[in-house]
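Protein chains in written order, with the numbering used here: chain L, 799 to 1104; chain R, -6 to 315.
Where is the CB? At the ideal position from N, CA and C, for every residue including glycine.
Note that the structure is a prediction, hence the values are computed from the model and not measured.
This report concerns only the one structure given below.
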Amino acid sequence: MGAILFLEQCLNGLQLGIMLFLMAAGLTLIFGVMGLINLAHGSLYMIGAFACAAVASWTGSFTLGLVASVVVAAAAGALIEIGVMRRLYQREHLDQVLATFALILISSEAMRWLFGSYPLYLDVPEIFYGAINLFGVLQYSRYRLFIIVLGLLTAVGIYLLINKTRIGMRIRAGAADRQMTAALGINISLIFTLVFALGAALAGFAGALVGSIQSVDIGMGEPVLILAFVVVVIGGIGSIRGALVGAIIVGMVDTLGRGYLPQLLQLILDPVFANTLGAALASIAIYLLMIIILIFKPQGLFPAHG
Amino acid sequence: MSEKYLNRIMIALLVGLPWLAHWLDEPYYVSLATRIAILALAGVGLNLALGLGGMVSFGHAAFFGIGGYVTGILASHAFNSEPIISGFMGTTHMLIIWPLAMLIAAIVAVFIGLLSLRTSGVYFIMITLAFAQMIYYFSISWPTYGGEDGLPIYVRNGFPGLNTLQPIQFFMICCTLLLITLWGVSRLQNSRFGNALQALRQNETRVTSIGINPLGIKLTAFVISATITALAGSLFADLNRFVSPTMFSWHTSGEIMIFVILGGLGRLYGPLAGAGLFILCEALLGGWTEYWQFFLGLLLLGVVLFARGGLIGLLSREQKNA
């Protein structure tokens, strides 16, 4: 029983990690290529989830909803990049933090205006109802397994895009030396818009997938945004590989910490106190982890420009 | 109009208008002015680290909240007559609460500052944010002092010789503290320490090369900045007679930063102008539409993109040398 539960918790941790990776990949690309801190990344996650919920309830098709989440979030991302972000690349980080904080206020209120204050609920297709039997011992939610598989496929897709295609080569070149890349005749501002839209699309896609497990509401992007920042900082800002490793670590530590810390502490402490302390410690475990990593490796685990 | 006159006008308005409201028997406007004074004080604290020292702390909500929680915890122990540690029953005296709140915030700030100042740039922003988030989640999941529901302060804490429950008297306390702090920070700004701090923001390598230890200066500024923000948090708790984890949330950090930027980064009276504009926006726009934060966002975006001197810079048309 214990081992099965542990396996299930590990899969849940993996699922959280994969979703965090979809968020963090965009954040870290945008930082690595453009040098921009984008707090509004959580808003794109929210916009994707809302687009999915709206289109899915309109057309009755979850697949169309998912497509809509990607398209709408990418469009919103491109719009934001052209309208606002371009003016911020040469600015200090402080200006970027504030301008993107302003974008959070604007987009959250705009969504409230459009959809009202009540959360929306997203229904997944019937084939994902219920549980599936894994390895003959474990009953696991079909939908969560679907998310894990889809997320892993996306991760592979990003890897191939960045490392094996011509456009990926240009993105990497832009990250390494913006001016030199532009001097070679590559339209760097188009690359920037493209990278931003790609990051936005990934965030929107993650929002739509998670929106069906939880609910779709106004503040949903913010906790995820902060977790994604932790992931990016742990992995090393600008590094996709770091984002993947960081996301899995954060997903596992958070999920397993919540599952097991109270029980572990009960071995040495009074049960009631151990439960309280364990829950409190579990909720801050990933921040502790990040701080410890930053103390020993101030550039994160995989420094991008080493 | 020069910045000096603008500052005098702002102070005159801040001190004068609440008395007018008091005289017209409009306590709502008095409490509005009290909020402005308190939030401006929090901003003055952050401005010391951010504007003068160039330390982009995205975690000052931690200190704001610590100020609030120290106040709430001391008051609730005194109210329920339960000792905190053997023999100390908490207190409802502001004159004891303030130093304690500031002391505890200072201790936490030394710890956070020592670890955070090892990093710089984006990592500094993120690590300060992470510390604040840690305290935020801890305050939510630790049930002793209300957890997610927060902690009420049943009777506003007392100040000798004054009736703090009367809005205008509580306002005078907050306003006086703000003025004293502004005076203190202006002295600090022009001292050797203040010059070193501002020089560090401009060129750390040069300052180090003439034999000044950057960590000591920055850490001191960070800690002073945190204690000022904690004092504001303590007053804020007394104003609302309630503390909740929201005080620790990253939105609070963002808002304190907004006060500083809206008014004008690195300007002594910037946080006052910024907090005033913020609260007036909230009161005026909030009465007109429930989506007022949409317009606040547009305003902030406009200031960041186009008016880099903030409100004071716009009105005084004086450039601040970077």
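Check: With a cut-off of 9 Å, does the C-beta of L1059/L fall near any C-beta of chain R?
Finding: no
Using a Cβ-Cβ cutoff of less than 8 Å, which residues in the same chain neighbour M978/L once the five nearest sequence positions on both sides are dropped? A971
Original post:
In three-state DSSP terms, what is L158/R?
Top reply: coil
| query | Residues of chain L with a CB under 7 Å from the CB of S134/R: which are they? | reply | A1077, A1078, S1081
- Name the one or two DSSP bridge partners that A99/R has. A99/R pairs with nothing; no bridge assigned.
List, in order along the chain, the chain R residues whose C-beta lies closer than 9 Å to that of T1074/L?
S134, W135, P136, T137
Open item on the list: Quick check on the burial criterion: 16 or more other C-beta atoms within 10 angstroms. Buried or exposed for Q1061/L?
Closed with: exposed
Worksheet item: Which residues, in order along the segment 839 to 866 of chain L, keep a beta-carbon less than 8 Å from a beta-carbon of chain R?
Response: none
Hey, does L258/R have any beta-carbon neighbour from chain L nearer than 9 Å? yes
### Query
Looking at the unbroken alpha helix (DSSP H) that takes in Q1061/L, where does it start and where does it end?
1038 to 1064
Exercise. Is DSSP giving P145/R helix, strand or coil here?
Worked result: strand
Quick check: V868/L and G955/L, are their CB atoms within less than 9 Å of each other? no
Can you find a C-beta in chain L that's less than 9 Å from the C-beta of R199/R? no
Three-state class that DSSP yields for I1035/L in the structure shown:
coil
task = Tell me, please, whether the CB atom of G306/R is closer than 9 Å to any CB atom in chain L?
result = no
CB contact check: F72/R to chain L, cutoff 9 Å = no
TODO: Verify the CB distance criterion: does R910/L have a CB-CB separation below 9 Å to chain R?
DONE: yes
message: For a contact defined as C-beta to C-beta under 9 Å, what are the partners of M87/R on chain L?
response: Within chain L, no residue comes near M87/R; the closest Cβ sits about 30 Å away, beyond 9 Å.
**Message:** Quick check: the Cα distance between I816/L and I828/L, rounded to an integer number of angstroms?
**Reply:** 19 Å
Strictly below 9 Å CB to CB, what residues from chain R border A897/L?
L293, L294, V297, L298
In DSSP terms, what G151/R is bridged to | H86/R
**Message:** I want to know whether the segment 21 to 36 of chain R touches the segment 249 to 256 of chain R - three or more CB-CB distances under 8 Å.
**Reply:** yes
Margin query: Please report the straight-line C-alpha distance between T1053/L and K962/L, rounded to a whole angstrom.
Written below: 34 Å
request  = Determine, using beta carbons only, whether Q807/L comes closer than 9 Å to chain R.
outcome  = no
On a CA-only basis, which of I845/L, V1028/L, L814/L, Y941/L is nearest S905/L? Give me that one, please. I845/L
### Query
At a Cβ threshold of 9 Å, is Y1085/L touching chain R?
yes
Three-state secondary structure assigned by DSSP to S915/L:
coil
| DSSP state of L1086/L, grouped into three classes? | helix
*Buried or exposed: which applies to V1014/L, given that a residue is buried once 16 or more other Cβ atoms fall within 10 Å of its Cβ?*
buried
For a test of the three-state rule: what should DSSP assign to Q894/L, helix, strand or coil? helix
Quick one: is Q1012/L buried, meaning 16 or more other Cβ sit within 10 Å of its Cβ, or exposed? exposed
I'd like to know whether the C-beta of S1037/L is nearer than 9 Å to at least one C-beta of chain R.
no
Relative to the alpha-carbon of A125/R, which residue among H53/R, Q286/R, G46/R has its alpha-carbon at the smallest distance?
H53/R
- Nearest-angstrom Cα separation, counted from I946/L out to V882/L: 34 Å
**Request:** Using the Cα positions of E907/L and S915/L, report the straight-line distance between them to the nearest angstrom.
**Result:** 10 Å
I want to verify the contact list: residues of chain L whose CB lies under 9 Å from the CB of V49/R, in sequence order. E890, H891, L892, V895
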